[in-house]
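Have a look at the structure below, then the notes.
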Amino acid sequence: MLGPVILAASRSDKMRRFVSAAPGTKQVVARFIAGETVDQVIPVVRDAAAKGLEVTLDVVGEDITTPEQAAAARDAYLELVEHLEPLDLGPRAEMSVKLSMFGQSLEGGHELALANVRPVVEAAAAIGTTVTLDAEDHTTLDSMFAVHEELRKDFPQTGCVIQAYLFRTEEDARRLAANGSRVRLVKGAYKEPASVAIQDKAEIDKAYVRILRILMEGDGYPMIGSHDPRLIAIGQELARSAGRKLDEYEFQMLYGIRTDEHVRLAAEGHRMRVYTAYGTDWYGYFMRRLAEKPANLLFFVRSMITKN
Ligand SMILES: Cc1cc2nc3c(=O)[nH]c(=O)nc-3n(C[C@H](O)[C@H](O)[C@H](O)COP(=O)(O)OP(=O)(O)OC[C@H]3O[C@@H](n4cnc5c(N)ncnc54)[C@H](O)[C@@H]3O)c2cc1C
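For reference, each letter of the sequence shown is one residue, going 3 to 310 in our numbering.
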């Protein structure tokens with residue numbers, strides 16, 4: 003019940019101001035956000051690499067309103083690439099981007115987002131790594147897949163995300179699995195209407211398994227984006243029965259969530275990538291994490307009361 007309310011609040015400017023100014027917010031945000039600056043996130047990347055983990059780095063931010071902000075987003079990622087280069091981690095440190103942060107929803111947004119993301123993909127390739135395009139709300143996906151297809155002409159390793167809760171996703175998975183893409187499968191984190199998305203959690207899980215089977219049996223590179231123990235076990239089983247070796251798929255989880263599991267899967271020889279978000283515009287990302295687990299909200303409210 004609480005999840006949809008929190009997701010609705012994630013779109014409210016009034017709530018953004020309230021939550022951002024609330025005492026105790028910083029402490030709770032720090033669980034999910036690895037730092038505010040690139041200098042703060044680099045030691046986190048080093049630490050993850052030392053533990054045998056891989057990362058995908060996300061500069062938080064979305065729904066920007068001017069072309070200047072979109073250019074600033076591009077520059078923030080280019081700055082990140084400069085800082086990653088000396089670490090020499092290659093594909094073990096990749097990047098995740100939201101096209102809305104690159105201008106997708108502005109006038110001429112599709113072309114603008116493509117123009118802004120391309121130099122980031124080029125810079126990533128120059129240091130031996132790549133970029134994955136996150137999936138945002140369903141209205142943005144045709145444009146995201148078109149950008150993905152365009153980028154893959156020059157950079158075939160560019161990845162994208164598909165969301166199990168959407169009715170369209172099985173078809174997207176078939177197309178992407180056939181063309182050999184890197185594809186992260188997630189349950190889906192946005193508030194979507196019943197006209198486009200499954201609403202029942204158990205049905206979303208079933209769809210996740212059906213879609214994961216398509217990816218595993220196809221000729222792409224599946225990235226299992228989930229913390230759900232049951233889906234992780236099923237993922238391992240599907241990979242085995244599709245005859246995939248340990249380096250022919252990977253697990254992905256979010257920074258700050260089920261961290262013991264990150265280390266356990268890596269110790270078992272799996273490729274385990276931690277989605278590591280950093281930056282100052284954390285509100286949308288943070289609210290989606292609260293919505294996924296209402297217990298996080300209780301923790302948040304308690305920390306506000308304690309600070310007062
Ligand atoms: C690497 C990665 C990238 C993602 N990228 C996208 C994307 O591009 N687009 C998109 O729509 N969604 C994205 N998501 C979010 C995803 O859609 C889900 O909302 C999120 O992963 C929760 O689903 P779950 O599969 O972990 O299962 P759930 O059933 O939600 O969770 C399983 C268990 O994991 C733990 N858990 C899950 N979430 C939390 C949390 N926030 N706080 C504390 N514990 C938690 C709990 O123990 C829970 O019982 C991404 C998720 C991951 C892991």
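Cβ atoms here follow ideal geometry from the backbone N, Cα and C, with glycine treated the same way.
Minimum length 3: unbroken beta strand (DSSP E) runs contained in the segment 109 to 141: 133 to 135, all fully within the segment 109 to 141.
Residue from Phe302, Val61, Ala125, Phe301 whose Cα sits closest to the Cα of Glu84: For the purposes of this step, residue 84 is taken as residue 82 along the sequence shown, with counting starting at 1. Among Phe302, Val61, Ala125, Phe301, the Cα nearest to that of Glu84 is on Ala125.
Of the choices Met274, Ala148, Leu91, whose alpha-carbon is the least far from that of Thr132? Sequence index remark: in the sequence shown, residue 132 carries index 130 (1-based). With distances taken between Cα atoms, Thr132 lies closest to Leu91.
Mind checking Ser14: buried by the 16 CB within 10 Å criterion, or exposed? By one-based count along the sequence shown, residue 14 stands at place 12. When all chains shown are included, Ser14 counts as exposed.
Pick out the complete alpha helix (DSSP H) segments inside the segment 60 to 110, 4 residues or longer, and give them in chain order. Counting whole runs of 4 or more residues, the segment 60 to 110 contains the alpha helix (DSSP H) stretches 69 to 86.
Residue span of the beta strand (DSSP E) that contains Thr278, given as start and end: Along the sequence shown, one-based indexing puts residue 278 at 276. Element bounds for Thr278: 274 to 280.
How about Glu294: is its Cβ closer than 7 Å to a heavy atom in ligand 1? Taking the sequence shown and counting its residues from 1, one reaches residue 294 at position 292. Yes, the beta carbon of Glu294 sits closer than 7 Å to at least one heavy atom of ligand 1.
Cβ neighbour criterion (16 or more within 10 Å) applied to Leu101: Translated into the one-based positions of the sequence shown, residue 101 becomes position 99. Classification for Leu101: buried.
In the DSSP assignment, the alpha helix (DSSP H) including Arg212 goes from what residue to what residue? Against the sequence shown, residue 212 aligns to sequence position 210. 203 to 219 is the span of the alpha helix (DSSP H), which, as asked, contains Arg212.
Helix, strand or coil for Ala10 per DSSP? Counting from one through the sequence shown, the residue named residue 10 turns up at place 8. Helix.
Examine ligand 1 and report whether any of its heavy atoms sits within less than 7 Å of the Cβ of Val43. Translated into positions along the sequence shown, residue 43 becomes position 41. No, Cβ of Val43 sits at least 7 Å from all heavy atoms of ligand 1.
Just to confirm the assignment, what range does the beta strand (DSSP E) spanning Gln254 have? Locating residue 254 in the sequence shown gives position 252, where the first residue counts as 1. Counting along the chain, the beta strand (DSSP E) containing Gln254 begins and ends at 252 to 256.
Neighbour-count burial assignment, Glu173, 16 or more Cβ in a 10 Å radius: Walking along the sequence shown from the start, residue 173 turns up at place 171. By the Cβ-count criterion, Glu173 is exposed, with fewer than 16 other Cβ atoms from all chains shown falling within 10 Å of its own Cβ.
For Ser305, which residues of its own chain have a beta-carbon under 6 Å away from its beta-carbon, when the five flanking residues on both sides are left out? As a working note, residue 305 is residue 303 in the sequence shown. Closer than 6 Å at the Cβ level, and outside the excluded window around Ser305, lie Gly26, Gln29, Val30.
Can you tell me whether Val276 is buried or exposed? The criterion is at least 16 other CB atoms within 10 Å of its CB, across all chains shown. For the purposes of this step, residue 276 is taken as residue 274 along the sequence shown, with counting starting at 1. Buried, because 16 or more other Cβ atoms sit within 10 Å of the Cβ of Val276.
Start and end of the beta strand (DSSP E) containing Leu187? For the purposes of this step, residue 187 is taken as residue 185 along the sequence shown, with counting starting at 1. DSSP places Leu187 inside the beta strand (DSSP E), whose first and last residues are 184 to 188.
Helix, strand or coil at Asn310 according to DSSP, with G and I counted as helix: Counting from one through the sequence shown, the residue named residue 310 turns up at place 308. Residue placement at Asn310 is poorly supported in this model, since its pLDDT is 47, which falls under 50; the coordinates are not used for a value here.
Looking at Tyr251: is its Cβ nearer than 8 Å to the Cβ of Met274? Residue numbering aside, residue 251 sits at position 249 when the sequence shown is read from its first letter. Residue numbering aside, residue 274 sits at position 272 when the sequence shown is read from its first letter. Not a contact, by the Cβ cut-off of 8 Å.
Hey, Leu9 and Ala293: beta-carbon distance below 8 Å or not? Counted from its first residue, the sequence shown places residue 9 at position 7. Counted from its first residue, the sequence shown places residue 293 at position 291. In contact: Leu9 and Ala293 (Cβ atoms closer than 8 Å).
Since I believe Pro121 is in contact with Arg154 (beta carbons under 8 Å), could you give me their beta-carbon distance rounded to a whole number of angstroms? For the purposes of this step, residue 154 is identified with residue 152 of the sequence shown, where counting begins at 1. For the purposes of this step, residue 121 is identified with residue 119 of the sequence shown, where counting begins at 1. For a cut-off of 8 Å, the C-beta gap from Arg154 to Pro121 is around 16 Å, too long to register as a contact.
How big is the Cα-Cα spacing for Asn310 and Val21? Translated into the one-based positions of the sequence shown, residue 310 becomes position 308. Translated into the one-based positions of the sequence shown, residue 21 becomes position 19. Residue confidence is low: Asn310 scores 47 on pLDDT, short of 50, so the model does not pin down where it sits. No coordinate-derived value is stated.
Could you say which of Val119, Glu70, Ala50, Gly222 lies nearest to Leu80 if we only look at CA atoms? For the purposes of this step, residue 80 is taken as residue 78 along the sequence shown, with counting starting at 1. Checking every option, the nearest Cα to that of Leu80 belongs to Val119.
On the three-state DSSP scale, how would you describe Gly5? Against the sequence shown, residue 5 aligns to sequence position 3. Judged by DSSP in its simplified three-state form, Gly5 adopts helix.
May I have the straight-line CA-CA distance separating Met289 from Lys16, to the nearest angstrom? Walking along the sequence shown from the start, residue 289 turns up at place 287. Walking along the sequence shown from the start, residue 16 turns up at place 14. Their Cα atoms are separated by approximately 14 Å.
CB of Arg186 to nearest heavy atom of ligand 1: below 7 Å? Taking the sequence shown and counting its residues from 1, the one referred to as residue 186 is at position 184. At least one heavy atom of ligand 1 lies closer than 7 Å to the C-beta of Arg186.
Since Glu96 and Thr142 are thought to touch, with beta carbons under 8 Å apart, how far apart are those beta carbons, to the nearest angstrom? Here residue 96 refers to the residue found at position 94 of the sequence shown. Here residue 142 refers to the residue found at position 140 of the sequence shown. Cβ-Cβ separation between Glu96 and Thr142: approximately 21 Å, too far for a contact (criterion under 8 Å).
Under the DSSP definition of a beta bridge, which residues are partnered with Gly227? Your numbering for residue 227 matches position 225 in the sequence shown. Paired residue(s): Gln254.
Taking 7 Å as the line, does the beta carbon of Ala191 fall inside it for any heavy atom of ligand 1? As a working mapping, residue 191 is identified with position 189 in the sequence shown. Yes, Cβ of Ala191 sits closer than 7 Å to a heavy atom of ligand 1.
If we cut at 8 Å on Cβ distances, does Asp90 have a partner in chain C? Here chain C cannot be found, since the structure has a single protein chain.
What does the Cβ neighbour count give for Ala279, buried or exposed, with the cut at 16 atoms within 10 Å? Position 277 of the sequence shown, counted from the first residue, corresponds to residue 279. Buried, because 16 or more other Cβ atoms sit within 10 Å of the Cβ of Ala279.
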